[in-house]
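Numbering (the numbering used here), first residue to last: -2 to 606.
Shown next, in the form of structure tokens:
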């Protein structure tokens, strides 16, 4: 368990609890006399030592039979209209292609999963053949995303037909993985997935009440709802798959617990669950949200996850307003949305920072050439570690984003002081994206590494993503800006970068320094060019063009360079980008040799063709 520190925590454990079963291979020993109780805790003690205080221990004989209020003569009440609307609205934001995914299942038997994934499913097989291929597939399956997608489709179409397979998904999961032990214990009882599955239970409960599902299904479902909520409330399960208590997966647990307290007010513990969920979620926000210059920024190093938790907190804010408690959650949700909207290119894409999927550059037919910003701006958030420049060049807008996020290591890539550049509908210099959570595989490892980003690098020197290694500051004077950053994430190495420029034209002066004790290592400053660009050498450096833009970018430098395109197992520098879940595309990387330069200088300029 990831216990809260500096505060009293109550937790209970019984032989029939899910938490006990998960930790003890579903062994349910009979009641017995307890002769000894031992509590163990692990971690790194403080310099002055660490303590755990115990106020009281209570033991009791628990009835093995379900309580009567849970399984007998219970009221079948539908969800309130406000709660139902909030649940469906949240899910619609999570699943972007519901009609196609639902119809692929209804008409072709293709299993719909999160991330617009569809798995072929032989009608003679219990499970899709490829389900075990990727952890994300298993997570989505046990989260009951297929059922959620079908319920969303039924609501949108005003049809009951998709509800039959949605119910079948849930009924089969209950039989195979709840009333019986599932071999895939990790993902059947993954902290985040368990929370999302509980939301699916609430949706099918509401449908079952309205469609008058039979008693047996509803009592089995009601029992599962109670046990799942009890599990989410338990300190033994809170963020149980994470190294720290403070993690976005805990937010999902609190949100699902809050929703259940509103959906099942007849549960005797609902009011306590509501208070607990709001208290824990407020503590999470105080720890994992930075409120900087009017924006609320999620510290987990990924705009994709920021947008995800922003949706989650907006949903939690709606639930909080439906409760009887006053909370700051709705205000934080508004500030998170403000940052999500701000860190967005004019064509509505965003940099693929950290564990964020990247959307490919458009082609000539689909490009959205952007007009000038009505107002230019240079926004520097030193605490959060972002600099966002929105300027105009001739008749088009450009956006420069520099990253030095260093408040936690979750979802972080080796991207300190990297930047992205967007202009005229094209992302010219990119963050290479997220691929999948199998981090040690070659492509995933490369895309998370320093050699895939727009930043200075040194050989194969170890790189730390622990907090506190990077700093970013800057100034804005009238129409010009300057950004200054440094980091010591490479072992025994200090990296410095400064970028100066203007808001009324795209002309950047970039200065990079590498101060290292190991002088024999190769040193480069890398520029990762977007997919679809054509990169050629010039006398001064390189020229970058894209067929969908009427502009070109030049980079002039005092350092020699090499252009690398595509994947090569034998070299550190490669040219490849992710463009969605487990999808990739060849790109070009420009590597400027820094070994003989005390300071590498670059002039990046936009020109009209």
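Cβ coordinates follow ideal geometry from the N, Cα and C atoms, glycine included.
Alpha-carbon to alpha-carbon, residue j and residue i
i, j, result
"residue 343", "residue 546", "14 Å"
"residue 232", "residue 581", "40 Å"
"residue 563", "residue 575", "12 Å"
"residue 194", "residue 140", "4 Å"
"residue 79", "residue 319", "8 Å"
"residue 266", "residue 35", "28 Å"
"residue 511", "residue 451", "14 Å"
"residue 45", "residue 369", "58 Å"
"residue 463", "residue 296", "13 Å"
"residue 495", "residue 601", "13 Å"
"residue 328", "residue 279", "12 Å"
"residue 274", "residue 252", "7 Å"
"residue 107", "residue 96", "13 Å"
"residue 490", "residue 448", "16 Å"
"residue 391", "residue 505", "15 Å"
"residue 84", "residue 588", "48 Å"
"residue 89", "residue 111", "12 Å"
"residue 150", "residue 176", "28 Å"
"residue 309", "residue 247", "11 Å"
"residue 557", "residue 421", "28 Å"
Minimum C-alpha distance to residue i - residue among the options
i, options, result
"residue 5", "50, 303, 17", "50"
"residue 87", "565, 52, 41, 200", "200"
"residue 135", "330, 17, 427, 191", "191"
"residue 3", "37, 29, 47, 542", "47"
"residue 142", "121, 167, 127, 156", "167"
"residue 24", "15, 30, 31", "15"
"residue 644", "583, 85, 578, 512", "No statement about residue 644 is possible, as the shown extent of the chain runs from -2 to 606 and does not include it."
"residue 81", "137, 182, 312", "312"
"residue 586", "522, 124, 601", "522"
"residue 262", "52, 74, 462, 481", "74"
"residue 1", "93, 548, 237", "237"
"residue 520", "91, 542, 111, 457", "457"
"residue 570", "454, 539, 480", "454"
"residue 244", "370, 405, 518", "405"
"residue 441", "347, 449, 432, 500", "432"
"residue 234", "254, 216, 219", "254"
"residue 493", "361, 544, 415", "415"
"residue 376", "275, 480, 437, 278", "480"
"residue 30", "56, 19, 18", "56"
"residue 198", "211, 221, 505, 378", "221"
"residue 203", "111, 119, 76", "76"
"residue 9", "26, 53, 504, 508", "53"
"residue 395", "178, 374, 540, 276", "374"
"residue 260", "357, 466, 72", "72"
"residue 412", "26, 508, 211, 525", "525"
"residue 382", "465, 361, 181, 124", "465"
"residue 290", "332, 572, 363", "332"
"residue 41", "20, 68, 240", "240"
"residue 322", "354, 385, 362, 258", "258"
"residue 419", "499, 437, 527, 509", "527"
"residue 60", "12, 93, 104, 94", "12"
Residues bridged to residue i (per DSSP)
i, result
"residue 310", "Answer is none; residue 310 lacks a bridge partner."
"residue 419", "396, 424"
"residue 289", "292"
"residue 504", "602"
"residue 531", "542"
"residue 383", "378, 400"
"residue 479", "472, 497"
"residue 526", "426, 585"
"residue 92", "DSSP output for residue 92 lists no bridge partner at all."
"residue 510", "493"
"residue 551", "540, 602"
"residue 109", "115"
Rounded distance between the beta-carbons of residue j and residue i, thought under 8 Å
i, j, result
"residue 281", "residue 188", "The Cβ separation is near 13 Å, so there is no contact."
"residue 428", "residue 350", "5 Å"
"residue 132", "residue 434", "6 Å"
"residue 338", "residue 301", "Not really, about 15 Å apart at Cβ, beyond 8 Å."
"residue 501", "residue 366", "Not confirmed; about 19 Å, so no contact."
"residue 530", "residue 542", "7 Å"
"residue 224", "residue 292", "Between residue 292 and residue 224 the Cβ distance is about 39 Å, and since that is not below 8 Å, they are no contact."
"residue 488", "residue 459", "5 Å"
"residue 461", "residue 444", "With 8 Å as the limit, residue 461 and residue 444 do not qualify as a contact, their Cβ atoms being about 18 Å apart."
"residue 116", "residue 128", "6 Å"
"residue 99", "residue 27", "Contact flag wrong, Cβ pair sits at about 46 Å."
- At what residue ranges does the stretch 554 to 598 contain a whole run of the beta strand (DSSP E), taking only runs of 3 or more? 558 to 562, 573 to 575, 581 to 583, 585 to 590
- Item | Every unbroken alpha helix (DSSP H) inside the stretch 10 to 87 [4 residues or more] | 15 to 20, 65 to 68
- Let me know the alpha helix (DSSP H) ranges lying completely inside the stretch 138 to 190, each 4 residues or longer, listed in chain order. 142 to 154, 160 to 170, 182 to 185
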